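A quick write-up on the structure given underneath.
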Amino acid sequence: MNAFFGRRYALSASHRLHCEALTTQQNREAYGKCNNPHGHGHNYIIEVLVGGPVARDTGMVVNLVDLDEAVRTHVLERFDHTNLNLDPLFAVKVPTTENLCREVFRLLEQAMPSGSELEYVRVEETENNFFQYFGEGPREAAR
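One gets the working numbering by counting positions in the sequence shown from 1 and adding 11 to each.
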């Protein structure tokens, strides 16, 4: 029987939403003010939900110290106070928050502490906008 543990992290980053395959006008229409040539920033909240069996010895789904270390080294150190457009992950894709959410999931999925599974990543971009990604494969098909 699995239980779940969620934790939130904060990071600040900038981006410009712009697609090279679109014209200047198409970019303005698609992204509006987010297509500003100088970019703009957000104070993102990254929420991570981890699931797994509750360990008999510790009573935990995941060791919080190990989870914090995974998020710090694979996400926060990489993206905090950066321009997302300059990260190699966004060299050929627009750094929308949807894409950021997917990339954070992929980075963390490979770094999960033993015995736990990443259920989803949620990224809050603003007070009103948030994005969730549950990964690909059987879990996504079951939803």
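Beta carbons are placed, not taken as given, at the ideal position from N, Cα and C, and that holds for glycine.
Predicted model, so just to flag it, every value in this text is computed and none were measured.
- For the pair L111 and E120, the CB atoms are not nearer than the 8 Å cut-off.
- By the CB criterion at 8 Å, D91 and A41 fall outside the cutoff.
- The three-state reading of DSSP puts V65 in coil, since its state is none of H, G, I, E or B.
- For E114, there is no enclosing beta strand (DSSP E); the residue is part of the alpha helix (DSSP H) that begins and ends at T108 to E120.
- Separation of L97 and H53 (C-alpha to C-alpha, rounded to the nearest whole angstrom) is 16 Å.
- If you ignore the 5 residues before and after L100, its C-beta comes within less than 6 Å of the C-beta of E114, all in its own chain and listed in chain order.
- Ranked by Cα distance from M12, the options V72, R133, Y144 and E109 are led by V72.
- For A41, the enclosing alpha helix (DSSP H) starts and ends at T35 to Y42.
- The beta-bridge partner set that DSSP reports for T84 is empty.
- For the pair F145 and T108, the CB atoms are not nearer than the 8 Å cut-off.
- According to DSSP, residue pairing for R18 in a beta bridge involves V59.
- Beta-bridge partners assigned by DSSP to G52: S25.
- The beta carbon of A81 sits closer than 7 Å to those of L119, A122, M123 and P124, all from its chain and outside the five residues before and after it, given in chain order.
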